[in-house]
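One structure below.
Residue numbers (our numbering): 1 to 482.
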């Protein structure tokens, strides 16, 4: 199952691409791909043109449009928007995603294995905001905001929050879930869907829009296991030369409640023992605050503000690299170092690791270095360089709807993230450390003058929408022998 959400806007900054054309090209490649009788291929496509939503199934002679058949079935709940031949689906709606998967699973019951790839925008964990139509949200980006998945601009800027990914997909028993979207290989995102699928594929940084699904699927047989396909996708993701990237596969079964002392529990323990060693409030010059900040400063970060470079203050950090830096710091109490090492072992250790496959390439993009050498396959929210007060929604036509909001307030809410409920000490640690971070990142609107505390620097640089990177152009020259 491929959920191709390309109803976006044309980006106005160099080096990134909208997905509408890229996904239309993918559909054409899947049409031309040799038919594989070992696979049922079902595609939902939504581009940027009004009324262009389609649902296809792959048959021996190519793709067949079954949109109207799907809309009239008992497995599509509610009326399909638009008219016959001109449907306009809201790919940012959890209902649309659930309807699509429900219909596909009912039409092809009892498959040996099942995989869903959601190909779209992403920006890491995303809060669930006001639904469309609420006074505060009308006309702006909804649900997951700019960093929500499956952003649909025709449908008033809807998108899927982290919570909605679980709600839309619960109960389907998927074997593989591929979030083919930027910045989604986060523990917060993976933990939310740990009961949805067995394996999870995603990237820690911005991804490229090559989308070589014909290569992922070409040699599937009835003997291809989910683990094999998962590792194959990671191996074949490589988008070509001169394209820095990181992609990883996670074993979600290792995050479930039945696994004793799993990675989430070990992160919670790391937060707990760190909190126990910190006074409340924690002064900025406390030895452990300084040590945690040193580990953050040295750890691999990812482009969480989508500026096209990895900044020293970015708030998404490689979990394993950070924990390793903590474990190596002999100034830190032994129990905290041991807890950090336990996190590393659960994530990438030799027995039952969460990260089972990972591929990384550093390089340059648009003459800017992208160093990803410290990537280990799984990230975590760690805003120790700047407080994340990004505008959660923004409508450029109505700038009064830009609201800088403290994202940590969302992060620690159980109703937003299952990770927050099950790993409460991590969020509590971030809240304890927040007053020691002296920069607030707000975007262009800044904070009200009467709100800004003393001795705080307000950084008004934009948080860009996380469009995928444009693949580097390749020019093939003739080989001339003399």
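C-beta atoms are modelled at their ideal positions from N, C-alpha and C, and glycine is treated no differently.
Keep in mind the model is a prediction, meaning the values are calculated, not measured.
Can you tell me which of the options puts its alpha carbon nearest to the alpha carbon of residue i?
i	options	result
residue 121	84, 188, 23	23
residue 440	385, 38, 53, 413	385
residue 208	308, 382, 54	308
residue 68	160, 44, 416	44
residue 421	342, 236, 210, 268	268
residue 460	444, 448, 450	444
residue 201	221, 218, 174, 222	174
residue 81	292, 20, 54	54
residue 241	365, 263, 283, 203	365
residue 151	6, 25, 317, 333	6
residue 374	355, 51, 322, 456	322
residue 210	113, 236, 166	236
residue 367	341, 281, 312, 243	243
residue 466	258, 203, 274, 360	203
residue 50	297, 111, 95, 155	155
residue 92	114, 129, 339	129
residue 319	387, 456, 376, 418	376
residue 279	432, 86, 189, 191	432
residue 238	316, 360, 344	360
Short of 8 angstroms in beta carbon distance, which residues of its chain neighbour residue i, apart from the five on each side in sequence? Order them along the chain.
i	result
residue 108	40, 42
residue 169	97, 98, 101, 116, 177, 193, 196, 197
residue 293	384, 436
residue 414	420, 421
residue 447	389, 404, 440, 458
residue 430	381, 382, 383, 408, 411, 412
residue 66	55, 56, 57
residue 220	36, 38, 39, 229
When the Cα atoms are used, what is the spatial distance from residue i to residue j?
i	j	result
residue 286	residue 326	16 angstroms
residue 300	residue 437	19 angstroms
residue 369	residue 212	25 angstroms
residue 464	residue 305	6 angstroms
residue 383	residue 434	8 angstroms
residue 194	residue 88	31 angstroms
residue 227	residue 250	10 angstroms
residue 18	residue 4	12 angstroms
residue 161	residue 90	14 angstroms
residue 199	residue 253	8 angstroms
residue 224	residue 48	35 angstroms
residue 229	residue 77	31 angstroms
residue 428	residue 351	30 angstroms
residue 283	residue 289	8 angstroms
residue 183	residue 247	10 angstroms
residue 425	residue 295	18 angstroms
residue 272	residue 332	15 angstroms
residue 1	residue 217	11 angstroms
residue 165	residue 335	36 angstroms
residue 353	residue 261	12 angstroms
residue 94	residue 167	7 angstroms
residue 387	residue 349	32 angstroms
With which residues is residue i paired in a DSSP beta bridge?
i	result
residue 45	4, 54
residue 360	246
residue 368	365
residue 316	302, 381
residue 457	439
residue 387	440
residue 26	For residue 26, which the question treats as bridged, DSSP gives no partner whatsoever.
residue 83	86
residue 149	160
residue 62	59
residue 355	250
Suppose the cutoff is 6 angstroms on Cβ atoms and the five residues either side in sequence are ignored; what does the same chain contact list for residue i look like?
i	result
residue 371	362
residue 186	124, 125, 379
residue 119	4, 180
residue 484	Summary: the structure shown does not reach residue 484, with the chain confined to residues 1 through 482, and so no result is reported for it.
residue 106	75
residue 346	263, 266
residue 71	80
residue 35	60
residue 148	126, 159, 160, 161
residue 341	327
residue 27	45
Starting from the C-beta of residue i, find all residues in its chain whose C-beta is less than 7 angstroms away, skip the five residues before and the five after it, and write them out in chain order.
i	result
residue 256	194, 195
residue 462	443, 444
residue 9	18, 153
residue 303	205, 206, 309, 310, 314
residue 357	230, 231, 234, 248, 249
Margin query: So within the segment 397–449, which uninterrupted alpha helix (DSSP H) runs reach at least 4 residues, ignoring any that extend past its ends?
Written below: 407–411, 418–422, 424–433
Checklist line | Runs of beta strand (DSSP E) lying entirely within the segment 85–127, each at least 3 residues, in chain order | finding: 115–119
Notebook entry, point to check: In the segment 189–239, which residue ranges form an unbroken alpha helix (DSSP H) of at least 4 residues, counting only runs that do not cross its ends?
Noted result: 213–217, 226–236
Notebook entry, point to check: Which parts of the segment 161–185 are runs of the beta strand (DSSP E), unbroken and 3 residues or longer, counting only runs that do not cross its ends?
Noted result: 174–180
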